[in-house]
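One structure is given here, and the rest of the page talks about it.
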DNA sequence: ACGATATAGTTGATGATGTCAACTATATCG
DNA sequence: CGATATAGTTGACATCATCAACTATATCGT
């Protein structure tokens, strides 16, 4: 409850903060002979090439009446010309004149400079983190995380640490596992990375527009010729229920089969319910279970196998 | 250069995006009998308890003239009363009336609901990431990372992974070190975490308002009774040059001395110039050097010692 | 103490913005 | 074909934004 209140306060704080930032950026526009609305309308027309009044109104959140008058003014300044629509003669076609194109380019340049001014005081790492944060906010708030490209790819520098970080935090939040777990998976990833290339191994990161949505890897099972082990399957909570886990497991199974493995095993805990469904879906069967106390919790470990 | 252009475009994209978000939130205000400016002014007065016209103007980025007239209107509506200032009689004191307080509470509630509406579709992890991203953006763009509390504290769940992640990325960017390095430090952190509590060891995270600015740890040196080893000193680029590295090393030295260690050693690479200065400043002396090829680079390893 | 200078606030003027409602012309659909 | 919806225009009016002029008070250096 209190968390909720704090969260809302933090969001409002950010809104006030960013309102000011946007205000600062827009102040720069006042050195032109155009008002802010005019600039926004010109930018929108320029971006779309040609558009209509009602589109502008809805896109920029302005009143149709206001758009109408504003366009008149821009026509008078020779920045814009309006022709009746071809197919629908209620709708008029709004385009930039040659002069309007120039203005558009100029305004765009000024906006670039203003945005540049935000980035300028930051070093490379700061810029990168700023942009990642912005991208994340847009993704979270646009509320449609389903569309967009999801790619399975190898891990990059720093991502073993990232995967360790995320899983440690998640399983601590969800199941209370302690730092013993974090140390264990740090070692598991280190072992993966330093293992010899021959019996084949592979790790996949599910990459959603630069953000890590999940991961898994396959290594040769210790001391069992011809057997591959599936390890460290995880999907970010925000990306669950979209089949990413199944995609990762399928990819791993295909890899193991192609690499010549004849069996596949994995170890998991029975509290990881949704993971179990994925393993079942991929054809794994439960071999045996074993109670143990690890990561500060009483667990029921499960060994699953799959014949390839 | 192209990166730069992309970055600017991304910032502008976010600005447009968030302009719309703010617009949506503000739309809710129109169900009240107050205009947006009035609501903002009331909110600002309510937040501050009492204020002056010029403060409002500068805080909200409005014209003094406009604030003046707006306040007149609010006085007419019995939301606000104005008394001449006590110490400075140019400055007037602007306060909310009882009715104004009510309005303030009501508007505040509406804003809370609007902000709540942003959070509502998100799950816990999504909310957390949204808020972290917002905090990060505020910190990066407010451009004053110097003020604020810096604390040295133990690590929390997930932070071993985070430290691995950050250092792998940083040293890759700065020196081209490959994932061999990431695997090594993942193992080093895992070893730290699973080491026995007796001979004493400790890890500190430099925490700046919830963000990790740097870290270091002390462990007993392998096979050398009475000797402590300083390991994994690092400071985030954005926080460098503020003495955080020295603070971490000092803390580590004090800890080692109090824990009864008589010597302290560390291993570093000569390319890490600023770290070297910190070690020298703390009294470490260079014992010997040794060339080696690690992490995909030709390195010159240095062993430093300190008598406690 | 005094004058130059700065600051807080008010007032006037003017154009732009935001909002409603009324109106025309065209499109769409049963 | 008529009911209904949509695109755009126009009028009316209150608020917003901006500039400049003006008064009253404070501050600072000399």
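Protein chains in written order, with UniProt numbering: chain A, 1 to 308; chain B, 1 to 308. Yeah, the Cβ is synthetic: ideal placement off N, Cα and C, and Gly gets one too.
In the structure shown, the three-state DSSP call for residue 99/A is helix.
Residue 171/A has its alpha-carbon roughly 52 Å from the corresponding atom of residue 64/A.
Just so you know, the alpha carbons of residue 218/B and residue 296/B end up roughly 27 Å apart. Judged by DSSP in its simplified three-state form, residue 157/B adopts coil rather than helix or strand.
Here the C-alpha atom of residue 231/B lies approximately 37 Å from the C-alpha atom of residue 6/A. CA-CA distance, residue 308/A to residue 154/A, rounds to 23 Å. Residues of chain B whose Cβ lies closer than 9 Å to the Cβ of residue 149/A do not exist, since the nearest Cβ in that chain is about 17 Å away.
Ranked by Cα distance from residue 43/A, the first of 257/A, 241/A, 204/A, 112/A is 112/A.
Within the DSSP bridge table, the entry for residue 5/A names no partner.
Within chain A, the C-beta atoms nearer than 7 Å to that of residue 7/B come from 119, 127, 131, in chain order. Counted as a single uninterrupted DSSP element, the stretch harbouring residue 302/B is not any alpha helix (DSSP H) but the beta strand (DSSP E) occupying residues 297-307. In this chain, residue 77/A is not harboured by any alpha helix (DSSP H), its DSSP state being neither H nor E. The alpha-carbon of residue 159/B is positioned some 59 Å away from that of residue 82/A. Listed in chain order, the beta strand (DSSP E) runs fully inside the UniProt domain "HTH marR-type" (1-142) of chain A are 80-84, 92-96, counting runs of at least 3 residues. In the structure shown, the three-state DSSP call for residue 180/B is helix. What residue 194/A touches in chain B, judged by beta-carbon distance under 9 Å, is 180, 183, 184, 187, going in chain order. Around the beta carbon of residue 179/A, 16 or more other beta carbons sit within 10 angstroms, so the residue counts as buried. Within chain A, not a single residue places a beta-carbon under 7 Å from that of residue 204/B; the smallest gap is close to 15 Å.
Taken atom to atom, the span from the alpha-carbon of residue 216/A to that of residue 255/B is near 40 Å. At least 8 Å separates the beta-carbon of residue 248/B from that of residue 283/B. Following the DSSP letters along the chain, one finds residue 277/A in no beta strand (DSSP E) but inside the alpha helix (DSSP H) bounded by residues 273-281. Residues of chain B whose Cβ lies closer than 9 Å to the Cβ of residue 67/A do not exist; the shortest such Cβ separation is about 15 Å.
Contact annotation: residue 122/B and residue 136/A have beta-carbon atoms that are not nearer than 8 Å. Excluding its 5 nearest sequence neighbours in each direction, residue 289/B has C-beta neighbours in its own chain below 8 Å: 270, 300, 301, 302, 303, listed in chain order.
For residue 61/A, the closest Cβ of chain B is nearer than 8 Å. Rounded to whole angstroms, the separation of the alpha carbons of residue 242/A and residue 214/A is 11 Å. For residue 228/B, the beta-bridge partners assigned by DSSP are 220/B, 264/B. In the three-state DSSP reduction, residue 210/A falls in the coil class, being neither helix nor strand.
At a cut-off of 8 Å between beta-carbon atoms, residue 238/A makes contact with chain B.
Counting along the chain, residue 287/B sits inside the beta strand (DSSP E) bounded by residues 285-294. Among the residues of chain A, those whose CB is under 9 Å from the CB of residue 111/B are 8, 12, 15, following chain order. Contact check for residue 10/A and residue 134/B: beta-carbon distance about 7 Å, within the 8 Å limit, so the pair qualifies.
Per DSSP, reduced to three states, the secondary structure at residue 252/B is helical. Short of 6 Å from the beta carbon of residue 67/A, and not among the five residues preceding or following it, lie these beta carbons of its own chain, in chain order: 53, 56, 57. In the three-state scheme derived from DSSP, where H, G and I count as helix and E and B as strand, residue 151/A is classed as strand.
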